[in-house]
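See below for the structure under consideration.
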Amino acid sequence: MKTTIISIFIVVILIGGTIFLTRGNSNLSNDINNVNIVDGKQVIEINAKGGYSPRITTAKAGIPTVIKMKTNGSFDCSSALVIPSLDYRNNLPLSGETLIDVPAQKAGTKLQGLCAMGMYNF
């Protein structure tokens, strides 16, 4: 009887662990519409808390762009933002929005933002 209960407990733990490890990561989704055109500028919204969401954004080339970084109780390293190709380095507020101007980019350009430790990126 005791070994049956232990066996059932182990099976439940294994199934739960498998579900947890194999569930989809919504941060990798490209289906999120986080790009809008406002007053002739492209605005990209990215949330910073426990990483960056969404991690992948497709934007139009040749349009001045603003990255709107949104934080809400962000105590982790995602609040220390670095965008090397823009020579941008800044600590985001604990909660709020930070606007980052990005000049018009050529088609195919990839901008990468990451936390100061390099653990999280977009």
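Numbering of the sequence shown is given in this note's numbering, commencing with residue 17 and proceeding in unit increments. Cβ atoms here follow ideal geometry from the backbone N, Cα and C, with glycine treated the same way. These numbers come from a predicted model, not from an experiment.
Between residue 117 and residue 80, the C-beta gap is smaller than 9 Å, which places the two residues in contact. In the DSSP annotation of this structure, the continuous segment of the beta strand (DSSP E) that includes residue 60 starts and ends at 57–64.
Taking every protein chain shown into account, the CB of residue 133 has fewer than 16 other CB atoms within 10 angstroms, so this residue is exposed. Only residues of its own chain outside the window of five on either side were considered, and among them 120 have a CB closer than 6 Å to the CB of residue 78, listed in chain order.
If you draw a straight line from the Cα of residue 107 to the Cα of residue 96, it is about 4 Å long. Of all C-beta pairs linking the region 83–90 to the region 54–73, three or more are shorter than 8 Å, placing the two stretches in contact.
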